[in-house]
Every structure is written in structure tokens, then in C-alpha cells.
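Below is one structure; the comments refer to it alone.
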Amino acid sequence: MLNQEDENDKRRSHQHNEILGTFEEIYGNKTTIDVENIFEKCKDQTKKVLVLGRAGIGKSTFCQYVTYRWAKGEIWRQYELVILIRLRSLTQSRYSSEKKYLPIDLVEKEYFEVDDISDEMRQNFKEQCNKGRVLWILDGYDAFAQNIPEQLKGVFQHICETQHHILTSRPYAITLAYDTKMEITGFTDENIAKYIQQFFDQITVESINALSSGPKLQKFLKSNPSIWGIAHIPVNLELICSLWSSYDWSKTTVLTMTQLYSTITEWLCRRYLTRQNKKSEDMTKQGVYRKCNTELRFLEQLAFNAMQRKEIMLPPELLEETEIEVDCSLDDYPQLLNMGILKSYDDKPI
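With the first letter of the sequence shown counted as 1, position 186 gets the number 527 in our numbering; the numbers rise by one all the way through.
Here you go:
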């Protein structure tokens, strides 16, 4: 018979093994590959690669990184053009339903919206595409697939079927067939150590304690398996580093994911109040939550509504519905959407 202490030890061991199991599921039995070599796995003449990754894992950063390296002449010199298209930008409101679109029209809309492309440039681009000298990087299929504008279905299908391309998506959203699939698994243990060092090296001028904060954080993360697991996701590690530099966690021995997300919420609220020129230094956590009660209720309901609809792109009607349910007008809280949780699809201020 197990006593209570034995039961607790058994439960902790089970949780630890589950965490390690998840980590092994992500990183185990897989082969790493350098980005310059990803097309070597493609068997067809037209190179098509599907790149999968969880939310926040770095898919968009990957797209920007490989585009930058190509522009520097470091990779994929067989291509005359590499075109990065953020699929979330291909919306009904930006593309008229009265027009039939060609691949060059996407380039013009996304990169030459002010200036028209000449007929000569259009013809040259068409020739480069026909010769296989153009690589398309299509980022964010999961958001695009939810609501593909009818007028863009044809050109998107044409690019996917006939052009060299890389398509990124979250795993759950993909319904297209690809022979070559890659996965972005996030940071390795070595990446985490390097990121933490670089993060705190950049703030040493601002804080005399930053020099010793990096090693302390690494030690702390490794002693907390649940947090160590999610720290392999880049966006999570950025939040953890920001929190570590803002709070004194030296006396904390165990940190649960609930505590971490609670601290993140408090940190975002305090930053939000500071931007509103409201002092929060002397407020307790509950005081901060009371001050941001309306904003938090709105975001909570908005998240719930989006989850019910299975949407990650939030249309205006969803915001309006949430305003009514919570009795909160965005006209009265114009900065609510800028708390740091949401991001505009076109990278413009909300």
C-alpha cells in the first residue's frame, strides 16, 4: 500500500515522464537538415516542400530568414527570384472579386501597390516562372485556408501545382498532399542557452544584474521540466526572458505553467497600464486585474468566441459580437486590442 507521500511522488514522476514523452515526440526519431538542402528530398522536377510547425514555433521567422539568406547570395542560387507571400494578407477586402488574378498580380499587390508593373516586367516574370527560376514562399496556410477568397483560389492552386514553392502551416490545418514534408521543432537545448545569453547581453547596460541573470534562468528552467518543455518554443522563451528580467524569481523553486501564464498576464496588464500613463508599481496583482477588468473580460470572451468558431483570424463582426456580449465598446477602450496579445494581419497598428 502506498502512503500519501508515495502517491505524490508517483504522480510527479508520471507528469515528468509525460512531459519528456511530449518532448521526445517533437524531437525524437527525426533527422535535422540545413535549410539550403531541403530541396534535395524532392523527387519531382517542380520542387514543393511543406513546412509544418506549431503556433509560435518560428514558421514566419523561418520564411524571413531563408529569404534574407537568398538575397545575400548564400542559398538557392538557382532561383532568379524568391517571393515571400504572407497568405494572411490575401483577403477579400484587398483583392477585388471583379478580377481574375495571375501570379504577377499577387507580386504587384503585395510589393508594388503604389507603382504599376510594366508590360515588359510582366512578360519577363512570366518567362522566369515558365523556366522554373522563381521560388514562392507561401507563409501561413492555416489562416488562409479558413476563408480563401473565391477570386484567389485559381491563382493559389496554379502556384501550388506548377511553381517551385515552400508552404508553411500549422499541422492541423493542412489538407493538401505533399511528398516532401519538413517540421520546425523550435529551439534545441543549445539554442535556448544561446538565446538567453544574447538576450541578457543586450540589456546589461540597463541592468547591473543582467550579467548573472542568464545563467540563473538556465538553471531555473532545467529544474522545472514543464517550463523547460515550452521554452523550446521561441515566442515562449522570449516571454520567459522578459519576465525574468522584470521580476525577482530568485526565491522561486518550482514554477507551474499556470503560474507562468498568470505572471505573463500580470506583466502584460502592467505594461498596458504604463502605456496609458497609469502607475502600477505600487499595485498588487489583484489591484492590477481590477484596473484591467473590462479589458480582460473582453479578451477572454473574444478568445472563447474565436475558439468556438475555430478561427485564428478575427473578423470585425466577431469583435462587434464580443462588444455586445461584454458591454464594452472599443470606442471607449481604443488601446484594448494593443495589450500585446493580438496582432494585425498586415503588421499595421490595430
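Cβ coordinates follow ideal geometry from the N, Cα and C atoms, glycine included.
Every value quoted in this text rests on a predicted model; they were computed, and no experiment measured them.
Range of the contiguous alpha helix (DSSP H) that encloses residue i
i       : result
Leu-614 : 598 to 616
Val-423 : Per DSSP, Val-423 belongs to no alpha helix (DSSP H); it is in the beta strand (DSSP E), 422 to 427.
Lys-467 : 460 to 471
Val-629 : 626 to 632
Gly-570 : 566 to 571
Pair within 9 angstroms by beta-carbon distance, residue i and residue j
i       : j       : result
Leu-517 : Phe-466 : no
Tyr-420 : Leu-479 : no
His-505 : Lys-389 : yes
Ile-525 : Gly-394 : yes
Leu-584 : Thr-599 : no
Phe-639 : Glu-664 : yes
Leu-447 : Leu-431 : yes
Phe-528 : Leu-578 : yes
Lys-400 : Thr-521 : no
Met-654 : Ala-484 : yes
Trp-608 : Tyr-588 : yes
Ile-458 : Glu-451 : no
Tyr-602 : Glu-636 : no
Ile-416 : Ile-507 : no
Gln-303 : Glu-658 : A question about residue 303 goes unanswered here, because the residues of the chain that appear run from 342 up to 691.
For residue i, the first and last residue of its enclosing beta strand (DSSP E)
i       : result
Glu-524 : 522 to 524
His-506 : 505 to 510
Cβ of residue i within 9 angstroms of any chain C Cβ
i       : result
Met-462 : This model lacks chain C altogether, as it is built from one protein chain only.
Reduced DSSP category for residue i - H, G, I as helix; E, B as strand; rest coil
i       : result
Val-496 : helix
Gly-414 : coil
Met-680 : coil
Leu-447 : helix
Leu-671 : coil
Thr-363 : Confidence is the limiting factor: at Thr-363 the pLDDT is only 44, short of 50, which leaves the residue's position unreliable and the question unanswerable from this model.
Ile-533 : helix
Asp-385 : coil
Ile-478 : strand
Leu-558 : helix
Leu-578 : helix
Val-455 : coil
Leu-393 : strand
Ser-685 : coil
Asp-542 : helix
Gln-419 : coil
Arg-650 : helix
Asn-488 : coil
Lys-440 : coil
Leu-660 : helix
Asp-483 : helix
Phe-380 : helix
Thr-408 : helix
Arg-638 : helix
Lys-620 : coil
Ser-430 : helix
Tyr-513 : helix
Lys-645 : Per the sequence shown, the amino acid found at residue 645 is Phe instead of Lys. Phe-645 falls in the helix class under three-state DSSP.
Expected contact under 8 angstroms - CB spacing of residue i and residue j to nearest Å
i       : j       : result
Ile-574 : Ile-374 : Rounded, the Cβ-Cβ distance is 20 angstroms, inconsistent with contact.
Ser-438 : Gln-487 : That belief does not hold up - the Cβ atoms of Ser-438 and Gln-487 are roughly 18 angstroms apart, past 8 angstroms.
Leu-428 : Gly-481 : 5 angstroms
Tyr-519 : Leu-391 : 4 angstroms
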